[in-house]
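Under my numbering, residues 6 to 142 are what the sequence shown spells out, in order. Take a look at the structure below.
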Amino acid sequence: MTMNGKCLVVYYSKGGNTKTVAEKVAKRMGGELCEVNEQGVTQPGFDPSAYGLVVIGTPVNGFSTSLPIQGYLTQNKGKLPAVAFYATYSLHPMGTLGGMEKLAGKKPVATEKFKSSDIKLGKIDAKVDGFVAALKK
Ligand SMILES: Cc1cc2nc3c(=O)[nH]c(=O)nc-3n(C[C@H](O)[C@H](O)[C@H](O)COP(=O)(O)O)c2cc1C
């Protein structure tokens, strides 16, 4: 898939793991970063439909997508261009990525999952590179 336009990385992060991945992806994509608050809302000025690709990152909370990212996907369904999803987790991502696809109402161009201990140990760069390569296809 050829990507047109800029990339926006949208994430929610309570403890910093999902933010660490978001920063790495945005940097490698030359894209913009945008954090979602507890209500699932971003700062103004980040209209997803103005981008060619929106990458959305969530921590796994209670075996599923975090409530803020569920809110973001629900509120922005219909405005989303091509999407990609990633999840950070400590034990197992369960059906989080599939759940995000359902909420967004579209198939992602790529997905990835990152284990919190690997993020903390700085062992995710190769995985981030693979994810970004899939986004650029
Ligand atoms: C309230 C809560 C619920 C969680 N539920 C799960 C879970 O069901 N499965 C799992 O593998 N990790 C779970 N975790 C671990 C987080 O998904 C993991 O630490 C993640 O990387 C946190 O991201 P953050 O630092 O961006 O907030 C949970 C963490 C919290 C705080």
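Positions of the beta carbon are idealized from the N, C-alpha and C atoms, including for glycine.
Rounded C-alpha distance that separates residue i from residue j
i      : j      : result
Phe90  : Leu126 : 22 Å
Ser121 : Asp52  : 29 Å
Thr7   : Lys141 : Low local confidence applies: a pLDDT of 42 at Thr7 is under 50, so the model's placement there is unreliable, and no value is given.
Pro98  : Lys132 : 16 Å
Phe119 : Ala87  : 21 Å
Endpoints, alpha helix (DSSP H) assigned at residue i
i      : result
Gly104 : Thr101 to Ala109
Val59  : Unbroken run through Val59 is the beta strand (DSSP E), Leu58 to Asn66; no alpha helix (DSSP H).
Pro73  : Leu72 to Asn81
DSSP three-state assignment for residue i, whether helix, strand or coil
i      : result
Val168 : Within the shown structure, residues of the chain are numbered from 6 to 142, placing residue 168 beyond reach of any answer.
Ser95  : coil
Host beta strand (DSSP E) of residue i (start-end)
i      : result
Leu38  : Glu37 to Glu40
Val117 : The residue asked about is misnamed: residue 117 is Glu in this sequence, not Val. Looking at the DSSP string, the run of the beta strand (DSSP E) that includes Glu117 is Thr116 to Lys120.
One or two residues paired with residue i in a DSSP bridge
i     : result
Val88 : Val59
Ser69 : Asn66
Thr47 : Val41
Count the C-beta pairs between the region 57 to 64 and the region 7 to 26 that are closer than 8 Å, then say yes if the count reaches three, no if not. Touching, yes.
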